[in-house]
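Using the UniProt record's numbering, you'd call the opening residue of the sequence shown number 1 and step up by one each time.
This report concerns only the one structure given below.
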Amino acid sequence: MLGVIGAMSEEVQLLLGQLSDVNESMHAGITVRTGNYKGTDIALAQSGIGKVNATICTQMMIDLFKPHKLVFSGVAGGLLPNMQAGDIIIASHVVEYDMDLTAFGRRHGETPGRERLIECDPDLVGKATAAFDNAFEDVEGAPNLMLGTIASGDTFVQDRDKLRWLQREFAALATEMEGAAFGQTCRLNGLPFVVIRALSDSSSDSASEDFEANLHRACRNSFELMDLMIPSALSGWDKTDRRNRE
1 MLGVIGAMSE
11 EVQLLLGQLS
21 DVNESMHAGI
31 TVRTGNYKGT
41 DIALAQSGIG
51 KVNATICTQM
61 MIDLFKPHKL
71 VFSGVAGGLL
81 PNMQAGDIII
91 ASHVVEYDMD
101 LTAFGRRHGE
111 TPGRERLIEC
121 DPDLVGKATA
131 AFDNAFEDVE
141 GAPNLMLGTI
151 ASGDTFVQDR
161 DKLRWLQREF
171 AALATEMEGA
181 AFGQTCRLNG
191 LPFVVIRALS
201 DSSSDSASED
211 FEANLHRACR
221 NSFELMDLMI
231 PSALSGWDKT
241 DRRNRE
């Protein structure tokens, strides 16, 4: 079983349209649809926006549906000036940028007993990059692909000073509101995960307007990658792994 989560309806509806043998259930106010996606059994959920919702959804999915790996996909705001709407970021790491214990001598995003940067599963990162290559090879106007850190916090960023701070403090490529909470929950449960984002805006003064204008394009690009990644995501899974959840 592969767990797939998006925060908003636009981020999951294209995937839902390709799901067969669908069963639906609700837990903690979150609708989860299980079914077959081109030969792979998945559990698909819309978590809602923000770190709390992402955490609740991820833990619920792990406890009740027992996925072997998990993917969070959707949209994000880009932090570099050369980025374009629709470009795709595959996270190598995620970080909770609004965790602030600097009063106790710690760096932003750092808490006791936890890595500041949470690493995504290298195998899933590799499968995502391969899916990108297959989805967009020789496609006119194809998005760019970047791998790096995605910073998560409970703020929709549209401030240039904060944009520069996120770049310099974390070397982040994009910002969103769920990935680090999702990643930390997966990490604590010992499960492989990856976060995949398509850019809807540039996190600048016009971010909210750009978001509305580019949301569907970004979701389409994310879907094109996920459509090819999902069937390969569980390949190579070792059934003797300590996290065997069958």
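Backbone N, C-alpha and C define an ideal beta-carbon position, used for all residues, glycine too.
Excluding five sequence neighbours on each side, which residues of the same chain lie with their C-beta closer than 8 Å to the C-beta of Phe193? Lys69, Leu70, Val71, Phe72, Cys120, Asp121, Leu124, Phe182, Gly183, Cys186 and Arg187.
Which of the three DSSP states, helix, strand or coil, is assigned to Leu33?
Note on identity: in this sequence residue 33 is Arg, with Leu being the wrong assignment. Strand.
| field | N-terminal and C-terminal residue of the beta strand (DSSP E) that Asp201 is part of | value | Where Asp201 is concerned, the enclosing beta strand (DSSP E) stretches over Phe193 to Asp201.
In the DSSP assignment, find the unbroken beta strand (DSSP E) run with Ala7 in it and report its ends. Ala7: not part of any beta strand (DSSP E); DSSP gives it neither H nor E.
With three or more C-beta pairs closer than 8 Å as the rule, is the stretch 92–110 touching the stretch 19–34? Inter-segment contact for the stretch 19–34 and the stretch 92–110 is absent: fewer than three beta-carbon pairs are separated by less than 8 Å.
- Leaving out five residues before and five after Ser222 in sequence, what residues of the same chain have Cβ atoms less than 6 Å from its Cβ? So the qualifying residues of the chain are Ser73 and Ala198.
Boundaries of the alpha helix (DSSP H) in which Gly126 is found, first to last residue
Element bounds for Gly126: Pro122 to Phe136.
- How would you write the range of the beta strand (DSSP E) that Val95 sits in, first residue to last? According to the DSSP assignment, Val95 belongs to the beta strand (DSSP E) that extends over Ile88 to Glu96.
- prompt: DSSP puts Leu147 in a beta bridge; with which residues?
  reply: In the DSSP assignment, the residues bridged to Leu147 are Ile90.
Closer than 7 Å by C-beta to Asn244: which residues in its own chain qualify, once you throw out the five before and the five after it? Chain order, please.
Confidence is the limiting factor: at Asn244 the pLDDT is only 44, short of 50, which leaves the residue's position unreliable, though a coordinate-based value still follows. Correct list: empty, nothing qualifies.
Straight-line CA distance for Gly126 to Ser200?
Those two C-alpha atoms are separated by around 23 Å.
**Request:** Determine, using beta carbons only, whether Met1 and Ile42 come nearer to each other than 9 Å.
**Result:** In terms of Cβ geometry, Met1 and Ile42 form a close pair [threshold 9 Å].
Selected residue, minimal CA-CA separation from Val12, among Ser232, His216, Ala142 and Gly236:
When each option's Cα is compared against that of Val12, the closest is His216.
message = Does the CB of Gly50 have a neighbour CB from chain D at under 9 Å?
response = The structure shown contains no chain D; it is built from a single protein chain.
The beta strand (DSSP E) spanning Lys69 covers which residue range?
Lys69 to Gly78 is the extent of the beta strand (DSSP E) around Lys69.
Lys38 versus Met226: straight-line alpha-carbon distance, rounded: Computed Cα separation, rounded: 12 Å.
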